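This report refers to the structure that appears directly beneath it.
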Amino acid sequence: GFYQRFPSFSSQYDSKYQLTADEGRYEATKKEADKHMWRVPTLRNVALTAPYFHNGAVKTLDEAVRVMAKAQLSKDLTEQQVTDIVAFLNSLTGEFPQIAMPRLPDTPNSSLVD
Numbered sequence: 016g017f018y019q020r021f022p023s024f025s026s027q028y029d030s031k032y033q034l035t036a037d038e039g040r041y042e043a044t045k046k047e048a049d050k051h052m053w054r055v056p057t058l059r060n061v062a063l064t065a066p067y068f069h070n071g072a073v074k075t076l077d078e079a080v081r082v083m084a085k086a087q088l089s090k091d092l093t094e095q096q097v098t099d100i101v102a103f104l105n106s107l108t109g110e111f112p113q114i115a116m117p118r119l120p121d122t123p124n125s126s127l128v129d
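Residues 16 to 129 in our numbering are what the sequence shown spells out, letter by letter.
This is the structure:
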């Protein structure tokens, strides 16, 4: 998977949501370069996966968007920008694909395919 440092910039959210309390991948590898490195999840169905971030501290998607803008880009977003980004993220919600698992034949010498 892909890993990204989080947060990239200090902000008021660091202490509010304890964003730097955990050291990320470093806790497993003990490599300095892995401090505060986190695996980047997919955005598919992100609207259904609250609470957000590695510690589950952020309860809503709109607040997660604000935190990400400040913590990763050092940007403050307008309410309209937050609304637009949340609308886009909601558009990524969809049904999970059905996956049929193969099954073993009921009797010897029978086919795996029906």
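For every residue, glycine included, the Cβ atom is placed at its ideal position computed from N, Cα and C. Since the model is a prediction, treat every value here as computed from it, not as a measurement.
For Pro-22, the closest C-alpha among the options Lys-31, Thr-35, Ser-30 is that of Thr-35.
An exposed status is given to Val-55, since fewer than 16 other beta-carbon atoms sit within 10 Å of its beta-carbon. In the three-state reduction of the DSSP assignment, Arg-54 falls in the strand class. The three-state reading of DSSP puts Tyr-18 in strand, counting E and B together. Between Thr-57 and Tyr-18, the alpha-carbon positions lie close to 12 angstroms from each other.
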